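Numbering-wise, the sequence shown is residues 21 to 673 according to my numbering.
Where a beta carbon is used, it is the ideal one built from N, C-alpha and C, also for glycine.
Predicted model only: the values in this text are computed from it and were never measured.
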Amino acid sequence: MTNSHESDGASSLPTGLRMWPFKRYAEMHRRSLEDPNGFWAEQARKLDWYKTWDRVLDWNPPYARWFVGGKLNACYQCVDRHVKTWRRSKVAIYWEGENGETRVLSYSTLFRDVNRYASALQQIGVKKGDRIALYLPMIPELPVFMLACARIGAVHTVIFSGFGAQAMCDRIEDTKAKVIITSDGGYRRGKIVPLKEIADEAAKQCSTVEKILVVKRTGHQVPMTEGRDVWLSSLLDEAEVLIKPEPLESTHPLYILYTSGTTGKPKGVVHSTGGYLVFNHSAYEWVFDIKEESVYWCTADVGWVTGHSSIVYAPLSHGAAIVLYEGAPDYPTVDRWWDIVEKYGVSIFYTSPTAVRLFMRYGPEGPQKHDLSSLELLGSVGEPINPEAWQWYYKYIGRERCPIVDTWWQTETGGIMISPTPGIEPIPLKPGSATFPLPGIDAAVVDSDGKETAAGQTGYLIIRKPWPGLLLDVYGNPQRYKEAYWSRFPGSYYTGDFAMRDEDGYFWLLGRADEVLKVAGHRIGTAELESAAISHPAVAEAAVASKPDPLKGEAIVLFVTLKKDVSPSPDLRKKIAEHLRRVIGPIATPDEVYFVDSLPKTRSGKIMRRVIKAVAQGKSLGDLTTIEDETSVEDVKRAYESLRKISDPDKGA
Ligand code: WTA
Numbered sequence: 021m022t023n024s025h026e027s028d029g030a031s032s033l034p035t036g037l038r039m040w041p042f043k044r045y046a047e048m049h050r051r052s053l054e055d056p057n058g059f060w061a062e063q064a065r066k067l068d069w070y071k072t073w074d075r076v077l078d079w080n081p082p083y084a085r086w087f088v089g090g091k092l093n094a095c096y097q098c099v100d101r102h103v104k105t106w107r108r109s110k111v112a113i114y115w116e117g118e119n120g121e122t123r124v125l126s127y128s129t130l131f132r133d134v135n136r137y138a139s140a141l142q143q144i145g146v147k148k149g150d151r152i153a154l155y156l157p158m159i160p161e162l163p164v165f166m167l168a169c170a171r172i173g174a175v176h177t178v179i180f181s182g183f184g185a186q187a188m189c190d191r192i193e194d195t196k197a198k199v200i201i202t203s204d205g206g207y208r209r210g211k212i213v214p215l216k217e218i219a220d221e222a223a224k225q226c227s228t229v230e231k232i233l234v235v236k237r238t239g240h241q242v243p244m245t246e247g248r249d250v251w252l253s254s255l256l257d258e259a260e261v262l263i264k265p266e267p268l269e270s271t272h273p274l275y276i277l278y279t280s281g282t283t284g285k286p287k288g289v290v291h292s293t294g295g296y297l298v299f300n301h302s303a304y305e306w307v308f309d310i311k312e313e314s315v316y317w318c319t320a321d322v323g324w325v326t327g328h329s330s331i332v333y334a335p336l337s338h339g340a341a342i343v344l345y346e347g348a349p350d351y352p353t354v355d356r357w358w359d360i361v362e363k364y365g366v367s368i369f370y371t372s373p374t375a376v377r378l379f380m381r382y383g384p385e386g387p388q389k390h391d392l393s394s395l396e397l398l399g400s401v402g403e404p405i406n407p408e409a410w411q412w413y414y415k416y417i418g419r420e421r422c423p424i425v426d427t428w429w430q431t432e433t434g435g436i437m438i439s440p441t442p443g444i445e446p447i448p449l450k451p452g453s454a455t456f457p458l459p460g461i462d463a464a465v466v467d468s469d470g471k472e473t474a475a476g477q478t479g480y481l482i483i484r485k486p487w488p489g490l491l492l493d494v495y496g497n498p499q500r501y502k503e504a505y506w507s508r509f510p511g512s513y514y515t516g517d518f519a520m521r522d523e524d525g526y527f528w529l530l531g532r533a534d535e536v537l538k539v540a541g542h543r544i545g546t547a548e549l550e551s552a553a554i555s556h557p558a559v560a561e562a563a564v565a566s567k568p569d570p571l572k573g574e575a576i577v578l579f580v581t582l583k584k585d586v587s588p589s590p591d592l593r594k595k596i597a598e599h600l601r602r603v604i605g606p607i608a609t610p611d612e613v614y615f616v617d618s619l620p621k622t623r624s625g626k627i628m629r630r631v632i633k634a635v636a637q638g639k640s641l642g643d644l645t646t647i648e649d650e651t652s653v654e655d656v657k658r659a660y661e662s663l664r665k666i667s668d669p670d671k672g673a
């Protein structure tokens, strides 16, 4: 029994869990944890290196450096490699504009573009190591510029085009980017989003910005500042057709991407070139079972990590044909996405639970109008998928033929960590469970003392061994890197998520354990929202909690106290909501704003989060035995009762 237990790869299962019946996967997982260096070296050999690494891993906790001494180039992996083969005539990107335009880029046209764009970057003085801010809509120029940066060793930082000027400015200031690449606008629900104007506003406050490179998308007039702003088209006239990809150290940063944490300031997650690519290349194959003839569509925005890894770097490193869609999912009609699936013969479709719930709400008629028989595999990412949404997705989109890969990962993990792996072996799925960790991933669920929990018990998700996709650092803030990920459970990476394993060992991801919200799959910190709220001139103090939302997963509830002499009014409520929207972006719009006389605080002045949360969610306070040290149970109860009185949003006004 002991032996078969071992050979089934169940050695990493806590006691009391059943063995995994999946031989191929279990064997691979076991081998990967027994000999991680050998395992990852084998994976790394699937990429093209200018120079092979000297050491697979330098692990100086909590820093992991992979394939040390090796040299490669991400743009080369994603483009040049393919144009040397028959894939030069294969479709790389099917682009669909919101207004119905289409553009098709083959790998050879992509090659031409990455070279010319890299030359344009060089013309404006961009060099290896420079940070470049990309603030673009979902147009082919966005991935092309990412790859062009990678080609010359510049470090891109993509800023989601739904963010406002302040959010943009914070990110630019932090990276000290000297170039912004934007466009005259982007289309969203038929309207033009004025990206250039927002970039101008951000640049006004950012001293580092020397150049703004502008892509023409909408063709409408935008202000151009003499000497600073330049149209891409004017640089392309002079562009060279061949820019040699720079052989870069495996540990050279490929990009910085900001994500929310528990403080008001977002974290600049830095990813490497070698480790990141090896991890994503492998994970993509295992999870999506990618084939040469696949047509793959990930509906995420490139502004999030899903777009970086699962639209750009992983699929293109495989020479896959991808779909890129510019606009809103239900515009101009609610069957727009299904029309796109049919039009391009999409075989692998990867989206978020929020999107699935949106379509559930519209009903099955939309997808039923279309021939979705090209679909073979469905994916879900970004938030827990509720079993009801899973079933709907399975039935009406996959027509009960397509497995669903529920993929758990994070900006910091670089790529998919826990997911079914049909590319290794199909395993029985359970709706709502992301199933098992990928090979090389040593995931565990532990209690607050770091002890593995028993089957069915909720705990914290940790990763016990470094993996190649692990972030290099938090940009400019190593202290935060250590504190956020490595101090809670010493020696292990802390994910900040609650999880549970069932008696079969399946992982169930249960949402964030920290003060980070997931609104429509977008990650946003309560502290970030609070600091944006108090930047409104009428607001004295702010506290944010979320409440469950049937569509978005979580909705934002904001409690504010007002400055002296300011009176609450419905109009002020709207203005505060509008302020958050402008400062951070539409995803930060609170669903409810309450005016309160005071916020419940502990004696040392910390906001009583649990009270705020219980009131926002209309719940009772629950068990008070673990109440914080200096706060009495009575204080908490009193605060709760006084806050609960304002349950009607208009009462406070
Ligand atoms: C959540 C997105 C449940 C989780 C790729 C994580 C999920 C956070 C899943 C990271 C999933 C992501 N099931 N929860 N399949 N995927 N999450 O950095 O809370 O935007 O910590 O990366 O999303 O969000 P991020």
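### Message
Checking the sheet assignment: what are the DSSP bridge partners for Cys-318?
### Response
Tyr-370
### Message
Going by beta-carbon coordinates alone, are Ile-604 and Glu-548 separated by less than 8 Å?
### Response
yes
### Query
Can you find at least 3 beta carbon pairs, one from the region 588-604 and one from the region 618-629, that sit closer than 8 Å?
no
### Query
Are the beta-carbon atoms of Val-178 and Val-322 separated by less than 8 Å?
yes
### Query
Which residue comes first and which comes last in the alpha helix (DSSP H) that contains Gly-58?
56-64
### Message
Using a 10 Å radius around the Cβ and a threshold of 16 neighbouring Cβ atoms, would you call Asn-135 buried or exposed?
### Response
buried
### Message
Please report the distance separating the alpha-carbon of Thr-427 from that of Ser-512.
### Response
21 Å
#### Entry: Classification of Tyr-614 by the beta-carbon crowding that lies within 10 angstroms, buried from 16 upward
buried
### Message
Taking the straight line between their C-alpha atoms, what separation do you get for Leu-378 and Pro-82?
### Response
40 Å
### Query
For Leu-571, is the classification buried or exposed, using 16 other Cβ atoms within 10 angstroms of its Cβ as the cut-off for buried?
exposed
### Task
Mind the definition here: the region 260-278 touches the region 527-536 only if three or more C-beta pairs lie below 8 Å; say whether that holds.
no
### Task
Classify Val-656 as helix, strand or coil using the three-state DSSP reduction.
helix
### Message
When you measure from the CB of Gly-182 to every non-hydrogen atom of ligand 1, does any distance come out below 7 Å?
### Response
no
### Message
Helix, strand or coil, according to DSSP, for Gly-511 in the structure here?
### Response
coil
### Task
Please find out if some non-hydrogen atom of ligand 1 comes closer than 7 Å to the beta-carbon of Lys-538.
yes
### Query
Is the beta carbon of Gly-331 sitting closer than 8 Å to the one on Leu-344?
Sequence inspection shows Ile at residue 331; the Gly mentioned does not correspond to that position. Going by C-beta atoms, Ile-331 is nearer than 8 Å to Leu-344.
### Thr-129: first and last residue of the uninterrupted alpha helix (DSSP H) it sits in
127-143
### Residue from Glu-432, Leu-397, Thr-473 and Val-466 with nearest C-alpha to Lys-502
Glu-432
### Message
Under DSSP, the alpha helix (DSSP H) around Trp-306 begins and ends at which residues?
### Response
294-308
### Query
At a cut-off of 7 Å, is Thr-326 close to ligand 1 when judged by its beta-carbon and the heavy atoms of the ligand?
yes
#### Entry: Neighbourhood of His-240 by C-beta distance below 8 Å, restricted to the same chain and skipping five residues each side
Asp-204, Gly-205 and Ile-212
### Query
Just how far apart, CA to CA, sit Glu-116 and Leu-125?
11 Å
### Message
Less than 8 Å between the C-beta atoms of Ile-417 and Phe-42, yes or no?
### Response
no
### Task
With a floor of 3 residues, list each beta strand (DSSP E) that falls wholly inside the region 398-451, ordered by position along the chain.
424-427
### Query
Can you name, in chain order, every residue of its own chain whose Cβ lies under 6 Å from the Cβ of Arg-107, other than the five neighbours on each side?
Tyr-127 and Gly-339
### Query
From Leu-578, Arg-602, Leu-492 and Gly-642, pick the residue whose C-alpha is nearest to that of Glu-612; which is it?
Leu-578
#### Entry: Own chain partners of Arg-123 with C-beta closer than 7 Å, once the 5 adjacent residues on each side are dropped
Trp-115 and Pro-160
### Task
Could you name the residues of the same chain whose beta carbon sits closer than 6 Å to that of Asn-23, not counting the 5 residues immediately before and after it, in chain order?
No answer about Asn-23 holds up, because its pLDDT of 35 lies below 50 and its placement is not dependable.
### Message
Closer than 7 Å to a non-hydrogen atom of ligand 2 - does that hold for the CB of Arg-500?
### Response
Of the ligands one can find in the structure shown, namely ligand 1, none is ligand 2.
### Message
In the DSSP output, which residue or residues are listed as bridge partners for Phe-527?
### Response
Thr-455 and Arg-521
### Task
Would you list the residues sitting across from Tyr-275 in a DSSP beta bridge?
His-176 and His-291
### Query
In chain order, which beta strand (DSSP E) runs of at least 3 residues are fully inside the region 559-590?
559-569 and 573-582
### Message
Per the DSSP calculation, Arg-85 is bridged to which residue(s)?
### Response
Asp-78
### Query
When burial is assigned at 16 or more other CB atoms within 10 Å of the CB, is Val-325 buried or exposed?
buried
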